[in-house]
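Using the numbering used here, read the sequence shown as starting at -17 and increasing by one per residue.
Note that beta-carbon positions come from the ideal geometry of N, C-alpha and C, so glycine has one too.
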Amino acid sequence: MKIYITFFISILMLSNTVNAQYQSLYSTTPNQIVVANEEKEDIYNGITIVSKVTEPAYQYFRVKGDDIKRPCVIIYPGGGYFILASGHEGVDVAKFFNSIGVNAMVVKYRIPNDKAQVDKSIAPLQDAQQAMLLARTNAADWGIDANKIGILGFSAGGHLAASLSSHYADIKIDNPLNISLRPNFQILIYPVITMNDFGHAGSKENLIGKNPTDAQVQYYSNELNVDSQTPPAFIVHAKNDDAVPVQNAYEYDKALKANKVASTLYLFEKGGHGFGMINPTSTVQWTTPLTEWLRERKII
């Protein structure tokens, strides 16, 4: 327990975060059917979750309001494309990145919903692309180095991050200036990667339905869509994850390396699923090797 308390105290002491309020991702949300906004936030077993998201938004956490151009990480919380674990996989993570000198953006992306979206399968990817577009477009004003914008996703948010990394050129939003939506790096924590048998059944059904087409399965099985331009990756998984099998991480890491894309796979022996930044079975947390990885790549 002492290790975990010390970890969070260090974040609070080092972070100079500018308070972040939710802002709309779009002026006009694409692929949207107007429905009553039933979004709500709850605390479940100490975890903050947001459900029934139909109005996508973001929170921007800037290290300081100065003129220094810093890296930025765009964060997609997990939740099986059913809810968003917006605390320990969102805001808490943004504050950690601020503590190491990295700006952060937490995305409240839409939960796939046939009643609220014309095509529910592309709504989260549209929101992920829009977040990247905003970060690049506003880089000068937001204190961001536009060549050091990465993405981080947990669980189904990891699937979303990997989908953006695979399909950044398949633009599904309004981008008249053709701004690059390719992340400079990707960080995936216990990610869902595939829509094939070793993926996560709940995420699959929530995103592409009970009877998806072969084309949908292919498109959202990210291990099948890697090429030489896919961003370098840092991947974390626990070997005993019984919700999202570690094979997801293995297959994505293998596909990246087969395409000569730099990939680091950091494995815990235990920890299960959903531990966020703190794996209680380990005295070393993934944030430590990740920080070294960012330094080695000259991102920080």
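Residue i vs residue j beta-carbon contact at 8 Å
{"i": "Y63", "j": "N188", "result": "yes"}
{"i": "Y234", "j": "N204", "result": "yes"}
{"i": "I153", "j": "L142", "result": "no"}
{"i": "I175", "j": "N230", "result": "yes"}
{"i": "G191", "j": "I171", "result": "no"}
{"i": "L7", "j": "D74", "result": "no"}
{"i": "P38", "j": "I155", "result": "no"}
{"i": "S147", "j": "T212", "result": "yes"}
{"i": "A76", "j": "V89", "result": "no"}
{"i": "A144", "j": "Q112", "result": "no"}
{"i": "S185", "j": "A237", "result": "no"}
{"i": "L115", "j": "N166", "result": "no"}
Status (buried if at least 16 other CB within 10 Å, exposed otherwise) for residue i
{"i": "R277", "result": "exposed"}
{"i": "V243", "result": "buried"}
{"i": "Y26", "result": "exposed"}
{"i": "Y202", "result": "buried"}
{"i": "G224", "result": "For the sequence presented, residue 224 should be read as Asp rather than Gly. With fewer than 16 Cβ atoms within 10 Å of its Cβ, D224 is classed as exposed."}
{"i": "N193", "result": "exposed"}
{"i": "V17", "result": "exposed"}
{"i": "Q41", "result": "buried"}
{"i": "I93", "result": "buried"}
{"i": "T195", "result": "exposed"}
{"i": "S68", "result": "buried"}
{"i": "T10", "result": "exposed"}
{"i": "Y4", "result": "exposed"}
Cβ-based neighbour list, residue i, same chain, cut-off 6 Å, excluding 5 preceding and 5 following
{"i": "R118", "result": "A128, I161"}
{"i": "G258", "result": "H70, E71"}
{"i": "S264", "result": "F250"}
{"i": "I104", "result": "K154"}
{"i": "I65", "result": "I31, S33"}
{"i": "G181", "result": "V174"}
{"i": "P227", "result": "F180"}
Close beta carbons around residue i, own chain, < 8 Å, minus the five adjacent residues each side
{"i": "I282", "result": "P53, I82, G83, V84, T273, L276"}
{"i": "G125", "result": "R44, V45, K46, G47, D48, D49, I50, K51, R52, N85"}
{"i": "K22", "result": "V32, S33, K34"}
{"i": "K239", "result": "S245"}
{"i": "L107", "result": "L142, S145, L146, H149, K154"}
{"i": "N178", "result": "V199, S203"}
Segment limits, alpha helix (DSSP H) that includes residue i
{"i": "D224", "result": "Taken as a continuous stretch (DSSP letters only), D224 belongs to no alpha helix (DSSP H), as it is neither H nor E."}
{"i": "K46", "result": "Where K46 is concerned, there is no enclosing alpha helix (DSSP H), given that its DSSP letter is neither H nor E."}
{"i": "N129", "result": "That residue, N129, is in no alpha helix (DSSP H); its beta strand (DSSP E) goes 126 to 136."}
{"i": "I190", "result": "183 to 190"}
{"i": "M114", "result": "105 to 119"}
{"i": "F292", "result": "Any property of residue 292 remains undetermined from this structure, which presents the chain solely from -17 to 282."}
{"i": "E167", "result": "Sequence check: residue 167 is Phe here, not Glu. Here F167 belongs to no alpha helix (DSSP H); instead the beta strand (DSSP E) covers 167 to 171."}
{"i": "V199", "result": "196 to 201"}
For residue i, the first and last residue of its enclosing beta strand (DSSP E)
{"i": "R277", "result": "Premise fails: R277 lies in the alpha helix (DSSP H), 269 to 278, not in any beta strand (DSSP E)."}
{"i": "Y26", "result": "22 to 26"}
{"i": "S9", "result": "S9 -> no beta strand (DSSP E), and no H or E assigned at all."}
{"i": "A86", "result": "85 to 90"}
Contact set for residue i: own chain, Cβ-Cβ below 7 Å, skip 5 residues either direction
{"i": "D319", "result": "A question about residue 319 goes unanswered here, because the residues of the chain that appear run from -17 up to 282."}
{"i": "L(-4)", "result": "In this predicted model, L(-4) has a pLDDT of only 41, less than 50, meaning its place in the structure is not dependable; the value taken from the coordinates is given anyway. Closer than 7 Å at Cβ, skipping near neighbours: S81."}
{"i": "Q200", "result": "L206"}
{"i": "S210", "result": "N241, K242, V243"}
{"i": "I29", "result": "A67, G69, H70"}
Next on the checklist: Whether or not the stretch 46 to 56 and the stretch 79 to 87 are in contact is what I'm after, with contact meaning three or more pairs of Cβ atoms, one per stretch, closer than 8 Å; do they touch?
Outcome noted: Enough Cβ pairs lie closer than 8 Å, so yes.
Next on the checklist: For the structure I just gave you, are there three or more beta carbon pairs, one from the stretch 245 to 255 and one from the stretch 97 to 104, closer than 8 Å?
Outcome noted: Judged by Cβ distances under 8 Å, the stretch 245 to 255 makes no contact with the stretch 97 to 104, as fewer than three pairs qualify.
Next on the checklist: Contact between the stretch 130 to 150 and the stretch 42 to 49 is defined here as three or more beta-carbon pairs at a separation below 8 Å; is this criterion met?
Outcome noted: Touching, no, given that fewer than three Cβ pairs across the two stretches are closer than 8 Å.
Next on the checklist: Whether or not the stretch 258 to 275 and the stretch 215 to 232 are in contact is what I'm after, with contact meaning three or more pairs of Cβ atoms, one per stretch, closer than 8 Å; do they touch?
Outcome noted: Yes: the two stretches touch, three or more of their Cβ pairs being nearer than 8 Å.
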